[in-house]
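Here is the structure we will look at.
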Amino acid sequence: MTRILCLSLMLSLASVTVAQTAPAVQAQHSSHAASHAAPSAAEVWQSLMAGNQRFVAGKSQARDLVSLRRKLVSGQSPKAIILSCSDSRVGPELIFDQSLGDIFVVRTAGNVADKVALGSMEYAVEHLHSPLLVVLGHQKCGAVNAACSGEKMPSQNLDAIVEKINPAVVQAKSYAHGDDLVESAIKENVRQSAKDILANSAIIRDAVNSGKVTVIEAEYELETGRVEQLQAPAGDHN
Ligand SMILES: [Zn+2]
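Put into structure tokens, the structure is as follows:
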């Protein structure tokens, strides 16, 4: 409880309902302002992919960020949680053409799901009721590349990142070699992070099992700007 209260303070998320404070006219940005009217995970994914297509085409939407910023003072209801890499080329709001309040983003190098990342995602699941959790890897990920290199990291903190990625590298090495290794390890690392989320967060696991949250694994392509959903390997229910 204390942790949750602290999170609330840190994130400045007063539990004031949007309906009580936001004039009706301000609902025009999103028809899903209240959690009870939340769209399905499939609808949210569709909207993210539509945004990605706009981004790819160079047709990202113009937005009135000042009025949106004011509207969101009363609360947030992000439609998706995104765990992505911290890489500066992979900003989720940009590549999905989303705006303030649309997505709850957790970023770590290598999109690893460590305890702090898990806690952040749990907050969004528990209190913001986002129906979709996207684990997003990307081409040419430096963190995955470092893990594939096998080189000793210069600090315990960097080593903590590589240790989270290593199981994916081991998996990739069972079938990929040479130039294919890093790309395969990037995909395996997305799957590993999704597995870590379910294995290490009872809150998210319960939400997935009860159908409240859907996890989607995806990869961002640097050259084209496209986000592609990863195909689940045979026997994997994700
Ligand atoms: Zn990366």
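Numbered per our numbering, the sequence shown finishes at 259, counting up by one with no gaps.
Think of the CB as a built atom: it goes at the ideal place given N, C-alpha and C, for glycine as much as any other residue.
Note that this is a predicted model, so its numbers are computed, not measured.
**Message:** Less than 8 Å between the beta carbons of Glu240 and Lys194, yes or no?
**Reply:** Contact flag unset, no.
**Item:** Beta-bridge partners of Val236, as assigned by DSSP
**Value:** BP columns for Val236 point to Leu154.
**Message:** Can you determine whether any heavy atom of ligand 1 sits closer than 7 Å to the C-beta of Ala164, and answer yes or no?
**Reply:** Indeed, a heavy atom of ligand 1 lies less than 7 Å from the Cβ.
**Asked** How about Lys161 and Leu243: are their beta carbons less than 8 Å apart?
**Response** Yes, Cβ-Cβ distance for Lys161 and Leu243 is below 8 Å.
**Prompt:** With distances taken between CB atoms, is the gap from Val155 to Ala228 smaller than 8 Å?
**Reply:** Cβ distance not < 8 Å, so Val155 and Ala228 don't count as in contact.
**Message:** Please classify Asn230 as buried or exposed, where buried requires at least 16 neighbouring CB atoms within 10 angstroms.
**Reply:** With fewer than 16 other Cβ atoms within 10 Å, it is exposed.
**Asked** Any idea what DSSP makes of Glu204, helix, strand or coil?
**Response** Residue state, collapsed to three classes: helix.
**Message:** What does DSSP give as the partner residue(s) for Ser105 in the beta ladder?
**Reply:** DSSP output for Ser105 lists Arg128, Leu157 as bridge partner(s).
**Prompt:** So is Asn73 buried or exposed if we call it buried at 16+ other beta carbons inside 10 Å?
**Reply:** Buried, since its Cβ has 16 or more Cβ neighbours within 10 Å.
**Asked** When the Cβ atoms of the stretch 129–146 are set against those of the stretch 101–119, are three or more pairs found closer than 8 Å?
**Response** In short, these stretches touch, since the Cβ pair count reaches three.
**Message:** Please determine whether the Cβ atom of Asp135 lies at a distance below 7 Å from any heavy atom of ligand 1.
**Reply:** Asp135: no, Cβ never under 7 Å from ligand 1.
**Request:** Identify whether Gln41 lies in helix, strand or coil by the three-state DSSP scheme.
**Result:** A caution first: Gln41 carries a pLDDT of 36, below 50, which makes its placement in the model too unreliable to give a value.
**Request:** Pick helix, strand or coil for Tyr196, following the three-state DSSP scheme.
**Result:** Per DSSP, reduced to three states, the secondary structure at Tyr196 is coil, with no helix or strand assignment.
**Item:** Pairwise C-alpha distance: Phe125 and Gly163
**Value:** Computed Cα separation, rounded: 23 Å.
**Asked** Can we count Cys106 as close to ligand 1, meaning its CB is less than 7 Å from some heavy atom?
**Response** Of the heavy atoms belonging to ligand 1, at least one sits nearer than 7 Å to the Cβ of Cys106.
**Message:** Spatial neighbours of Asp180 within its chain, please: C-beta separation below 6 Å, excluding the five flanking residues on both sides.
**Reply:** Cβ within range, chain order: Met174.
**Prompt:** Are the CB atoms of Asp118 and Arg75 nearer to each other than 8 Å?
**Reply:** The criterion of a C-beta distance shorter than 8 Å is satisfied by Asp118 and Arg75.
**Request:** Whole angstroms is fine: what's the gap from Arg84's alpha carbon to Leu115's?
**Result:** Just so you know, the alpha carbons of Arg84 and Leu115 end up roughly 12 Å apart.
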